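Here the structure comes first, spelled out in C-alpha cells, and everything after it is commentary.
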Amino acid sequence: MENKIKKSTGDRIADVIIYILIGLLSFICILPFFHVISTSISSNTVVAANKVWFLPIFTGEGAGVNIDAYKQVIADSSIRWSFIYTVIITVLFTLLGLFLTICAAYALSRERMMGRKTINTIFIITMYFGAGLIPDYLLLDTLGLLDTTAALVCPLAISAYNMIILRTAMTAIPKSLEEAAQLDGCDDFRILFQVMLPLVVPTLATLALFYAVGRWNSYSDAMYYIQNDALKPLQYKLYQLVAAAAESSALEADAGAQAQNAEVVKSATIMCATIPIIIVYPFIQKYFVSGVMIGAVKE
Amino acid sequence: MKIQTKKETSAKRKLGVMFYLKRDWQLYALIAIPLLFIIVFKLLPLLGLSIAFLDYNPILGFSDSPFIGFSVFKEIFTSREFLIALRNTLVLNVFDLICGFPMPIILAILLTEITCGWYKKLTQTLLYLPHFLSWVIIAGIAYQLFAPSTGIINVMMGTHIPFLTEKWHWAVMYILSAVWQSMGWGTIIYLAAITGINGDLYEAASIDGAGRWKKIWHVTLPGMKPTIVVMLIMALGRLMGSNFERVNVLSNTSVKDFSEVIATYVYRVGLESNRFNISTAVGLFQSVVGLILVLASDKVAKALDEGGLV
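Sequence order for the protein chains is B and C. Residue numbers 137 to 435, in my numbering, belong to the letters of the first sequence in order. Residue numbers 6 to 315, in my numbering, belong to the letters of the second sequence in order.
So this is what it looks like as C-alpha cells:
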C-alpha cells in the first residue's frame with residue numbers, strides 16, 4: 137500500500153501504542169483465568185498463604201501439583217450429575233432451538249407466503265415486549281411444567297433475534313438457485329434441506345453456539361422454575377456456591393485454612409463449568425467473525 | 006408500473022386464502038411449530054398481565070379474583086423500596102451506557118488500525134472470550150480476585166479495599182465487569198460496519214493529505230454512524246431493564262442499597278414473598294416504559310434523519 141511508504145515517525149509511534157493497548161486489553165481478558173487455573177491446581181498451603189497470583193506455584197514448602205480439588209469435584213455425585221444433566225439439556229435445547237429457527241426462518245424468507253408480514257410482526261414484538269416473570273411463571277404452572285426439564289428447554293427455544301439472523305442469511309442466497317431447484321421438481325421441504333441448509337452452515341454453526349452457550353450459562357430460569365435438586369443445572373449449583381461465598385465475604389469471614397480449601401474447590405468447579413465453552417469456542421469462532429451478525433442489526 | 010403491480014396484487018387477492026394454503030401448505034406446516042411456541046410461551050403469558058389489576062388469589066384464579074383497577078400501581082409508586090429499585094436501575098444503566106457504549110466503537114477503530122494478521126486474530130479471539138462466560142463464573146472469579154483480605158489484587162497492592170462489599174466500590178466494579186465482558190464482543194458489529202465503508206473514500210482522503218486521525222474522524226466515524234445509531238436506540242431501549250443474572254450474582258447483603266434493581270425486586274416480591282400482583286405490575290411498568298423508550302428513540306433518530314430500527 138502507498139501510505140505504508142509514507143508512514144511518518146509519528147504514525148509509527150501511534151502504531152506501537154495501538155498494538156500495545158490492544159495487547160494489554162486482550163491480556164486483561166484472560167488474566168483472571170490464569171489465577172483461577174493456578175489456584176485450582178495449587179496446594180491448599182500456598183493458596184492459604186496468598187502466594188498464588190497468576191501462575192501456579194509448585195516449588196517451596198508445602199507446595200506441589202494438587203489435583204485433589206478436581207478429584208473432589210468429580211467425586212461429588214451432585215456436581216457430577218449436574219454436569220451430565222446440563223450437557224443433556226444443552227444438547228436438547230440447541231437441537232430444538234435450531235429446528236424451530238430453521239422452520240421459521242425459511243418460511244418467513246419466502247416472499248410468496250401470504251401472511252408473512254403479520255407473522256413476522258408477531259415475532260418482532262416478542263423481541264421488545266415480554267410479559268415478565270410472574271405471568272411466565274404462572275403459565276408454566278398452568279401447563280404443569282414447573283420442576284420439569286421442559287421448563288428449561290421449551291420457553292427460550294425460539295428466539296426472534298436468531299430467527300432474523302438466519303432469515304437474513306437465507307434471503308441473501310440467489311433466487312436462481314431456488315428457481316433451478318423448483319424446475320427440477322423440488323418442493324419446499326427439499327429446497328430447504330438440500331439447497332438452503334448446506335449454504336447457511338456458517339450461520340447455523342454460529343446460532344448453535346449462541347443457543348448452546350446461552351443454555352449452558354444461564355441459571356435464572358432454574359432459579360425461578362426448579363426446586364428439585366436433580367434438575368438443577370451446573371450453573372445454578374455454582375451460583376449457590378458463589379452466592380454463599382459472596383455472603384461470607386460480605387461478613388468478612390473469608391480467612392482461615394478451611395475457607396482456602398473451599399477456594400481451591402471453588403476454582404476447580406469454576407474450571408469445570410468453563411472448560412466445555414473453551415473447548416467448543418475455537419471451532420466455531422471462525423464462523424462468527426466472518427460477519428454472520430451483520431444482518432441482525434438492521435431490523 | 007405502479008398500476009400493473011396494483012392489478013397483480015388485486016388479482017392475487019381474488020385467488021383467496023385457500024389457494025395459498027394449498028399451494029404453500031409446506032411453508033405453513035414449517036411455520037406452524039415455531040409459531041405455536043411463540044404463541045404459547047410469549048403471547049399467552051401476556052394474558053397473565055391482568056394480575057396487575059386484580060387482587061389475585063391463586064385459589065380463585067384469574068376469573069374470580071376481584072378487580073381492583075390501578076390500586077396496585079398506586080401502592081407501588083408510594084413504596085420506598087420500589088423507588089430505590091427504580092433509581093438504582095436507571096443510575097446503573099446510565100453509567101453502563103456511558104462507560105460500556107463507546108468502548109466497542111473505540112476498540113473497533115483501533116483493531117482496524119492493526120495490520121498484522123496473526124496479532125489481530127489472536128487479540129480478537131481473546132477479546133471475545135469473556136462474552137461466552139456466564140455471570141456466575143465472572144462473579145465467582147471476581148469475588149476470588151477482589152476479596153478484601155485474601156483477594157490477589159489486594160494482596161498485590163498491600164491494601165484491604167472492599168471492592169465488592171462496599172456499595173460505592175461495588176457500583177464501580179459492577180460497571181467495569183460489564184465493560185470487561187462485552188467490549189470485545191461489541192466490536193463485531195462495528196468491524197462489519199467499517200468493512201462496509203467504500204475504500205475509495207480513504208484513497209480520496211489520502212490524496213487530500215488527510216492523516217490517520219483525519220481519516221478516522223472524517224471517513225471511518227461517519228461510515229459507522231448508521232450502525233452506531235441503531236445500537237444506541239437498542240441500548241436506550243434497555244435502560245429500564247437489567248440483566249438479572251448479572252446483578253443478582255454480583256450483589257450481596259452489604260451492597261443491597263445500590264444493587265437492588267427492578268429485575269431483582271420483581272423476583273423478590275414475586276417469587277420470594279408471593280405478592281404476584283405487585284410483581285406483575287412492576288414488570289408491566291418496566292416493559293411498557295422500555296417499549297416507549299425504544300419507540301421514542303427510534304422516532305428521534307428518524308426525525309434527525311439518522312436512520313432507525315426498521
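Where is the CB? At the ideal position from N, CA and C, for every residue including glycine. Bear in mind the structure is a predicted one, so any value in this text is a computation, not a measurement.
In the three-state scheme derived from DSSP, where H, G and I count as helix and E and B as strand, Leu-236(B) is classed as helix. For Gly-268(B), the nearest CB of chain C lies under 8 angstroms from its own CB, placing it at the interface with that chain.
Assignment of beta-bridge partners to Leu-59(C) by DSSP yields Phe-72(C). By the C-beta density criterion, Trp-222(C) is exposed, having fewer than 16 other C-beta atoms within 10 angstroms. In this model, Ile-203(B) and Thr-175(B) are separated by some 10 angstroms (Cα to Cα). When Cβ-Cβ separations below 8 angstroms define contact, Asp-323(B) makes contact with chain C. Residue contact check for Pro-135(C) against chain B: a CB pair falls below 8 angstroms.
In the structure shown, Ala-308(C) adopts helical secondary structure according to DSSP, grouped into three states.
Sequence-ordered contacts of the segment 102-131 of chain C with chain B read Leu-112, Leu-115, Leu-116, Glu-118, Ile-119, Thr-120, Cys-121, Tyr-124, Lys-125, Lys-126, Leu-127, Thr-128, Gln-129, Thr-130 and Leu-131 [C-beta pairs closer than 9 angstroms]. Take the alpha-carbon of Phe-137(C) and the one of Ile-413(B): they are about 7 angstroms apart.
When the five nearest sequence neighbours on each side are left out, the beta carbons in the same chain lying within less than 7 angstroms of the beta carbon of Leu-298(C) are those of Leu-241, Gly-242, Leu-244 and Met-245, in order along the chain. Straight across, the Cα-Cα distance linking Tyr-355(B) with Gly-191(C) is about 23 angstroms. Secondary structure of Leu-276(C) (DSSP, three-state): helix. Shown here, Gly-159(B) sits in a helix according to DSSP, grouped into three states. Secondary structure of Val-336(B) (DSSP, three-state): coil. Taking 8 angstroms as the threshold, the shortest C-beta distance from Gln-421(B) to chain C falls below it. Within 10 angstroms of the beta-carbon of Trp-123(C) lie fewer than 16 other beta-carbons, which makes it exposed. Interface with chain B (8 angstroms Cβ-Cβ cutoff): Thr-269(C) is excluded.
In this structure, Ala-287(B) sits away from Thr-262(B), with a CB-CB distance that is not shorter than 8 angstroms. For Gln-291(C) and Ile-267(C), the gap between their C-alpha atoms comes out near 8 angstroms. Per DSSP, the unbroken alpha helix (DSSP H) holding Pro-107(C) starts and ends at 107-118. Between Tyr-242(B) and Met-299(B), the beta carbon gap of about 10 angstroms keeps them out of contact (Cβ cut-off 8 angstroms). Along the segment 147-164 of chain B, the positions whose C-beta sits under 9 angstroms from a C-beta of chain C are Asp-147, Ala-150, Asp-151, Ile-154, Tyr-155, Leu-157, Ile-158, Gly-159, Leu-161, Ser-162, Phe-163 and Ile-164, read in chain order. Around the beta carbon of Leu-160(B), a 10 Å sphere encloses fewer than 16 other beta carbons of the protein chains shown; the residue is thus reported as exposed. By alpha-carbon distance to Ser-55(C), the top candidate from Phe-259(B), Ile-177(B), Ile-164(B) and Asp-272(B) is Asp-272(B). The C-alpha of Thr-181(B) lies about 23 angstroms from the C-alpha of Asp-212(B).
Residue state for Ile-300(B) is assigned as helix, using DSSP reduced to three classes. If you check the CB distance, Val-209(B) and Tyr-148(C) do not come in under 8 angstroms. Between Thr-164(C) and chain B, the shortest Cβ-Cβ separation is not below 8 angstroms.
Apart from sequence neighbours up to five positions away, the residues of its chain that approach Ile-238(B) with a beta-carbon distance below 8 angstroms are Leu-302, Leu-328, Leu-333 and Leu-340, ordered along the chain.
Sequence-distant Cβ neighbours of Ala-409(B) in its own chain, meaning closer than 7 angstroms and more than five residues away, are Leu-370, Gln-371 and Leu-374. Here Ser-245(B) has Arg-303, Met-306 and Thr-307 as same chain residues with Cβ atoms under 8 angstroms from its own Cβ, once five neighbours each way along the sequence are excluded.
Within the segment 136-186 of chain C, the complete alpha helix (DSSP H) runs of at least 4 residues fall at 140-150 and 157-162.
Among the residues of chain B, those whose CB is under 7 angstroms from the CB of Val-141(C) are Tyr-355, Gln-371, Leu-374, Tyr-375 and Val-378, following chain order.
Scanning its chain for C-beta atoms nearer than 8 angstroms, with the 5 sequence neighbours on each side dropped, one finds around Asp-365(B) the residues Ser-214, in chain order.
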